[in-house]
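Data block below; observations after.
There are 2 protein chains.
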Amino acid sequence: MPDLPQLQKVLDRIDADFDSSLERLFALLRIKSISADPAFAADCKLAADHLCKDLASLGFASEVRSTDGHPAVLARSNGNFKAGARPRVLFYGHYDVQPVDPLNLWDRPPFDPAIATHADGRKIIVARGAEDDKGQLMTFIEACRAWKAVTGSLPLDVTVVLEGEEEVGSKNFVPFLEKNKDELKADFALVCDTGMWDPNTPAITTSLRGLVYDEVKIKAANRDLHSGVFGGGAQNPIRVLTKILGGIFDDDGRITIPGFYDGVSEPPADVLAQWKKLNLTAESFLKPIGLSIPAGEKDRLLIEQISSRPTCDVNGIVGGYIGEGSKTVIPSEASAKISFRLVEGQDPDNIRKKFRDYVAARLPGDCRAEFADHSSAPAVALDWNMKPLAAARRALTDEWGKEAILMGSGASIPIVADFKRTLGLDTVLVGFGLDDDNIHSPNEKYDLKSFHKGMRSWARILAALAETSS
Amino acid sequence: MPDLPQLQKVLDRIDADFDSSLERLFALLRIKSISADPAFAADCKLAADHLCKDLASLGFASEVRSTDGHPAVLARSNGNFKAGARPRVLFYGHYDVQPVDPLNLWDRPPFDPAIATHADGRKIIVARGAEDDKGQLMTFIEACRAWKAVTGSLPLDVTVVLEGEEEVGSKNFVPFLEKNKDELKADFALVCDTGMWDPNTPAITTSLRGLVYDEVKIKAANRDLHSGVFGGGAQNPIRVLTKILGGIFDDDGRITIPGFYDGVSEPPADVLAQWKKLNLTAESFLKPIGLSIPAGEKDRLLIEQISSRPTCDVNGIVGGYIGEGSKTVIPSEASAKISFRLVEGQDPDNIRKKFRDYVAARLPGDCRAEFADHSSAPAVALDWNMKPLAAARRALTDEWGKEAILMGSGASIPIVADFKRTLGLDTVLVGFGLDDDNIHSPNEKYDLKSFHKGMRSWARILAALAETSS
């Protein structure tokens, strides 16, 4: 069990080794591991090999394991899990990244990482994957490296599992978990794929919204029509689609789909009190993206709108003529991609059914609706009282000099539910992302401070978790 | 003045010469005169040259005249208009055609015309422009050819003007009319760019709907957002756009834009009685396009919905992610192309303003709307009692053995208003198109019967007009 002076040496080592750790991150960022595009399959393999080798250099028994998609990396310090022996954590990250389109909106090549200076003076690492998730996963690996360098070992046993298909729905990863269940056994899981409360306030994410992603296509006439000949007489699928989607929200920002809020509970009074104290304002949250008015349910705090309340967004819509100029067409079909963020108490299959029923009930004669199921994941609510969470919180508070916040995230990380279901593991979600990191967008970045203090945070968390479990 | 036996000889000549006239139409159809695509500018010139030469061979003083766009053809029989001399008609057609995309939906190459057999046994000419407007304009030229062949002259003076930019808004044609005003003087205009009532019932179009075509773009955040981070808190432009567009129609199919129907008058009782007698059914009009329920104002006849009532159609909509699969994006903008068909009493500028005001009034905070004006044209209502109209109607009734119907068209032909404004001319609109001609779509066709009896109809109309005016 490490004593405090030892931890201090590890932290000092992280500070002294910072430039090298940055170069190791850059080497990973240069690999074009875009999982969505088959043209980059070899790059995904390269990223897995690269990380496998790096973990082996830290003394992990490390292997690249094939899946039915891009490979995973499985690496263990000190053999397998043994009940009653010293604690073992399962760390999860993903090496795959989002596509880079539209490329012309990037200020520099997305796979040529560099340090830049943000408009407000912050130093940032700019590259695809700088945050999501290469920068984040490297904070953990670098913390392990520092522990090894200073003490020759880790304060507790660690299994690292890195997947290559998180950005495309992880459909081969759950079977991988099932198949390698024994080797993945641990006391709990750590995931580094979430954010901080703000650039100075660390956070642990204790709830994640679920997701239902559906596509609806409305079809009417058997061909595109001339609006001069048929306009007024023939049904227009865009008119139908906009009428249906336009009715999903009432004037108070509530979703009108019957039964949508069934099972959604109110936050406990103490949690709500904590949220109110946080005082998340439109000024701080929305101003950076050019907005000023919270768009959700009018009677809810902004923090509820974005984390504890279920939502609906149309993510894409298309129909008819979308080129330059004009064409007087009545199209034969129009479609929309629509997603719902779910909270505890909502069943994804049930919400999908309710949405489809809502569409069907509003479909005028002569129209048909076709649906495509893109993905779904239930919401996750973690136990606020679990021991590792308290230890991680103490460690984060020590590092940042500000109390770490337990927060709900509006995003969905399906793997957390998968860990619980397949491996029986609770997960502690710690991450250092910021709202302005442009993940999934051009000019993705990771604050240099997030990277640096992220490594230091994990070094502390590993020590704290070892203490707690002893 | 031709006597009846002479007209009979002309009609016989049309029958005897049918194969040659078809070959002449095919030669014109082989020219790829797509006005929208600059790559086909030389083909447009070729079509103008081809028609100019053909008209010269009929004894017309024929010239290709340049405009600021594709050239026009101007051809006159017997010199210029002289007041009080024998009557002169100005015939208008257009040699340009619509683009052919999507090419893969054509059953054969669009510029390789052929005779095919329709599913119901009708013989049809298949090619881009077969109807709109090459097939139609050739019915008139072939009628002139037959008159010349049989009698050595035409029963009245004819000026032919053919433009090459009708499919792209005729923006250079109005200045051309202004510039050549003197040479275009006539007693009235004839346009062959409209349809029949049904395959056996000829029609004269006496009203045309106007058009306002606008584009609206809703903007919110300053960049695309991740719906996990911002969903629920940030405004979504697709949600705003669908809400606004979805509210344009009430449950009875009426347009809700304040003041939209101001100035729209009810049809006179006798006209309404005639329409009721026509008994246009959903079965006959909508079934061929796979529909069965008139989509317009519930308390209106289908024939009113498609001809005498103003309408609104969203012609295109796009926003967010429209590729394969899913992306959890909240886009920064979404846009729609929207057009209104207008009737007499509605001012295009005023309707555009009312639409924009409607959008602006429904725009939530944090959203901006940008508009683009694509085109506008007022509705046209012709005088049902003008003499040439009655003459043309008699001639059509004689040819088809069924009373020619005076009908309103839902389409817009802005040139008719331009003739009135620039040249002071009333227009008689006679055409032989059918609702299933797929104009502007793949597999455009023209019934062989339309072409054949169209030529014979014009031969009769020329005679009837000469009689009337004498």
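Chains as they are written, first to last, in the working numbering: chain R, 70 to 539; chain U, 70 to 539. Note that the Cβ used here is the ideal one computed from N, Cα and C, for glycine as well. Quick caveat: nothing in here was measured; it's all calculated off a predicted structure.
Cutoff 6 Å; reference residue i; Cβ partners in own chain excluding five residues on either side
i, result
"P71 (chain U)", "Because P71 (chain U) carries a pLDDT of 49, less than 50, the predicted location of this residue cannot be relied on, and the following value inherits that uncertainty. Excluding sequence neighbours, P71 (chain U) sits near P224, A532."
"K406 (chain R)", "E284, N384, G385"
"D382 (chain U)", "S408"
"T136 (chain R)", "N241, F245"
"V169 (chain U)", "P179, R197"
"A144 (chain U)", "L124, F129, S131, V229"
"G365 (chain U)", "G322, Q374"
"D181 (chain R)", "none"
Partner residues on chain R for residue i, Cβ-Cβ distance less than 7 Å
i, result
"D293 (chain U)", "S510"
"Y427 (chain U)", "By Cβ distance, chain R contributes nothing, its closest Cβ being about 14 Å from Y427 (chain U), past 7 Å."
"D504 (chain U)", "V298"
"L314 (chain U)", "T311, G315"
"I307 (chain U)", "V383, I386"
"L347 (chain U)", "Chain R residues near L347 (chain U): none, gap ~14 Å exceeds 7 Å."
"A290 (chain U)", "I358, G359, L360"
CB contact flag (residue i, residue j, <8 Å)
i, j, result
"L310 (chain U)", "A446 (chain U)", "no"
"L98 (chain U)", "K203 (chain U)", "yes"
"G238 (chain U)", "S444 (chain U)", "yes"
"G548 (chain U)", "C121 (chain U)", "Since the first residue shown for chain U is 70 and the last is 539, residue 548 (chain U) is missing from the structure and cannot be characterised."
"Y282 (chain R)", "S395 (chain U)", "yes"
"W344 (chain R)", "I362 (chain R)", "no"
"A473 (chain R)", "I287 (chain R)", "no"
"I307 (chain U)", "R431 (chain U)", "no"
"I399 (chain R)", "S296 (chain R)", "yes"
"A110 (chain U)", "V142 (chain U)", "no"
"P457 (chain R)", "R410 (chain R)", "no"
"A464 (chain R)", "I530 (chain R)", "yes"
"I210 (chain R)", "F520 (chain R)", "no"
"S276 (chain U)", "A450 (chain U)", "yes"
"H139 (chain U)", "S89 (chain U)", "no"
"D256 (chain U)", "N147 (chain U)", "no"
Per-residue contacts from residue i into chain R (C-beta, under 9 Å)
i, result
"L411 (chain U)", "The premise fails here: L411 (chain U) is roughly 11 Å from chain R at the closest Cβ pair, so nothing lies under 9 Å."
Under 8 Å from the C-beta of residue i: neighbouring residues of chain U
i, result
"Q205 (chain R)", "Those within 8 Å of Q205 (chain R) in chain U number zero; the least Cβ separation is about 15 Å."
"G198 (chain R)", "What G198 (chain R) touches in chain U: nothing, since even the nearest Cβ is about 15 Å away."
"A486 (chain R)", "What A486 (chain R) touches in chain U: nothing, since even the nearest Cβ is about 15 Å away."
Neighbouring residues, chain U, relative to residue i (Cβ below 7 Å)
i, result
"I498 (chain R)", "Reading the sequence as shown, one finds Leu at residue 498 (chain R) and not Ile. Residues of chain U passing the Cβ test: none, with the nearest at roughly 13 Å."
"Q374 (chain R)", "G301, G302"
Residue i: contacting residues in chain U (beta-carbon distance under 9 Å)
i, result
"A464 (chain R)", "Simply none; closest approach about 25 Å."
"D435 (chain R)", "L355, G359, L360, S361, I362, A364"
"A480 (chain R)", "H295, S296, G297, V298, G300, T397"
"L370 (chain R)", "Per Cβ cutoff of 9 Å: no residues; L370 (chain R) is ~10 Å from chain U at best."
"F318 (chain R)", "R308, K312"
Amino acids of chain R, ordered along the chain, whose beta-carbon sits closer than 8 Å to that of residue i
i, result
"Y515 (chain U)", "Those do not exist, as Y515 (chain U) stays about 15 Å from chain R at its closest Cβ, beyond 8 Å."
"S444 (chain U)", "S395"
Same chain only: Cβ atoms within 8 Å of residue i, ignoring 5 sequence neighbours per side
i, result
"T350 (chain R)", "L371"
"K192 (chain R)", "I184, A185, T186, D516, L517, K518"
"E468 (chain R)", "P271, K522, R525, S526, R529"
"K423 (chain U)", "I326, P327, G328, F329"
"L76 (chain R)", "A528, R529, A532"
Cβ-Cβ separation, residue j to residue i (assumed contact under 8 Å), whole Å
i, j, result
"L492 (chain R)", "L253 (chain R)", "6 Å"
"V298 (chain R)", "G479 (chain U)", "6 Å"
"D165 (chain U)", "S102 (chain U)", "5 Å"
"L360 (chain R)", "A289 (chain U)", "6 Å"
"V387 (chain R)", "V387 (chain U)", "5 Å"
Cβ shell of residue i (< 7 Å), same chain only, five flanking positions each side left out
i, result
"P483 (chain R)", "S239, A446"
"G315 (chain R)", "none"
"K544 (chain U)", "Nothing about residue 544 (chain U) can be read from this structure; chain U reaches only from 70 to 539."
#### Entry: the segment 379–413 of chain U: positions lying closer than 7 Å to chain B by Cβ
This model lacks chain B altogether, as its protein chains are R and U.
### Task
Flag this pair as touching only if the segment 323–336 of chain U and the segment 323–330 of chain R have three or more C-beta atom pairs under 8 Å; answer yes or no.
no
### Query
Do three or more CB pairs link the segment 84–93 of chain U to the segment 239–253 of chain R at distances below 8 Å?
no
### Task
Count the C-beta pairs between the segment 254–274 of chain R and the segment 496–505 of chain R that are closer than 8 Å, then say yes if the count reaches three, no if not.
yes
### Query
Would you say the segment 192–201 of chain U touches the segment 213–221 of chain U, given that touching needs at least three Cβ pairs under 8 Å?
no
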